[in-house]
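Per this note's numbering, the very first residue in the sequence shown carries number 3; after that it's consecutive. No residue lacks a Cβ here, since even glycine has one placed at the ideal position from N, Cα and C. None of the values given here were measured: they were computed from a predicted structure. Right, one structure below, let's go through it.
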Amino acid sequence: MEITRCAWVPEEDSLYRDYHDKEWGRPVHEDQKLFEMLILEGAQAGLSWITILKRRENYRKAFDGFDPNIIQHYDEKEIKTLMMNEGIIRNKRKIESVITNAKAFLEIQRKFGSFEHYIWQFVGGKPIINHWKSANEVPVQTEESQKMSKDLKKRGFSFVGPTICYAFMQATGMVNDHTVDCFLYHAK
3 MEITRCAWVP EEDSLYRDYH DKEWGRPVHE DQKLFEMLIL EGAQAGLSWI
53 TILKRRENYR KAFDGFDPNI IQHYDEKEIK TLMMNEGIIR NKRKIESVIT
103 NAKAFLEIQR KFGSFEHYIW QFVGGKPIIN HWKSANEVPV QTEESQKMSK
153 DLKKRGFSFV GPTICYAFMQ ATGMVNDHTV DCFLYHAK
């Protein structure tokens, strides 16, 4: 039996296929995973997602398992070390944004009790279910991602423009953007 996936998934690429089949669009409520995805989406700015996906394990090692409690204390020494790490995107602004975002993330946890509680408010606490017939219909940003971006920036985050926020929302299941013909469209 042949499986139909979203058109953006290259069938010959098992990494992309597994990401689509096992992660993309599934609701994420764990703060640690939400932080990881926000950082990875920011790292992707200007690049293809597969570029980041292939480096995800390197990112996890380089950034202490995406533990914001550790990352918030990174200093110039860690930044220099990361700038020499060929396993990640060596863009100083992006690396510095991880530290900035870790501090802002922890502040949100303190204020709201969890990042999950804060971030899911932008979709009313449950996924937005879209009904796209083709990938061409899927927007790159929405009113919700614009509001999220504006609020995150106000709270000190960087590399969180409305397009990055929408990709984050898609990846973490805040929106279901599987096309209606995809076998995962109706999956819970």
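Three-state secondary structure (DSSP) of residue i
i    : result
V177 : strand
I101 : helix
I90  : coil
I5   : coil
Contact set for residue i: own chain, Cβ-Cβ below 6 Å, skip 5 residues either direction
i    : result
V140 : W134 and D179
C167 : S147, M150 and S151
E169 : First, the amino acid is wrong: residue 169 is Ala here, not Glu. Excluding sequence neighbours, A169 sits near E43.
W10  : A137
8 Å CB neighbourhood of residue i in its chain, flanking five on each side removed
i    : result
K96  : G44, A45, A47 and F161
R92  : L84, M85 and M86
A39  : The residue you asked about is not Ala; residue 39 is Met in the sequence shown. V30, F170, A173 and T174.
V125 : E146, M171, M176 and V177
E32  : E118
P129 : P29, G175, M176, V177 and N178
Neighbourhood of residue i by C-beta distance below 7 Å, restricted to the same chain and skipping five residues each side
i    : result
F107 : F37, P70 and F117
G89  : R57, N60 and A64
G27  : Q172, G175, N178, D179, H180 and L186
K155 : V162
I121 : L36
Straight-line gap, residue i to residue j (C-alpha atoms, nearest Å)
i    : j    : result
G67  : Q34  : 9 Å
D183 : P12  : 16 Å
I131 : R157 : 28 Å
T6   : K94  : 40 Å
Q111 : A189 : 30 Å
V177 : K113 : 25 Å
L49  : E25  : 20 Å
L186 : D23  : 7 Å
I41  : E14  : 27 Å
E109 : E78  : 22 Å
P164 : E4   : 35 Å
Q143 : G115 : 27 Å
C8   : A137 : 7 Å
I81  : F159 : 18 Å
D153 : G127 : 17 Å
R62  : W51  : 16 Å
K105 : Q123 : 20 Å
| At least 3 beta-carbon pairs within less than 8 Å: the segment 98-106 vs the segment 63-78 | Verdict: yes, contact present.
| query | Touching or not, the segment 51-59 and the segment 7-22, by the rule of three or more beta carbon pairs under 8 Å? | reply | Taking one beta carbon from each stretch, the segment 51-59 and the segment 7-22 have 3 or more pairs nearer than 8 Å; the two touch.
| task | Mind listing, in chain order, the continuous alpha helix (DSSP H) runs of no fewer than 4 residues lying wholly within the segment 7-34? | result | Runs found: 16-24.
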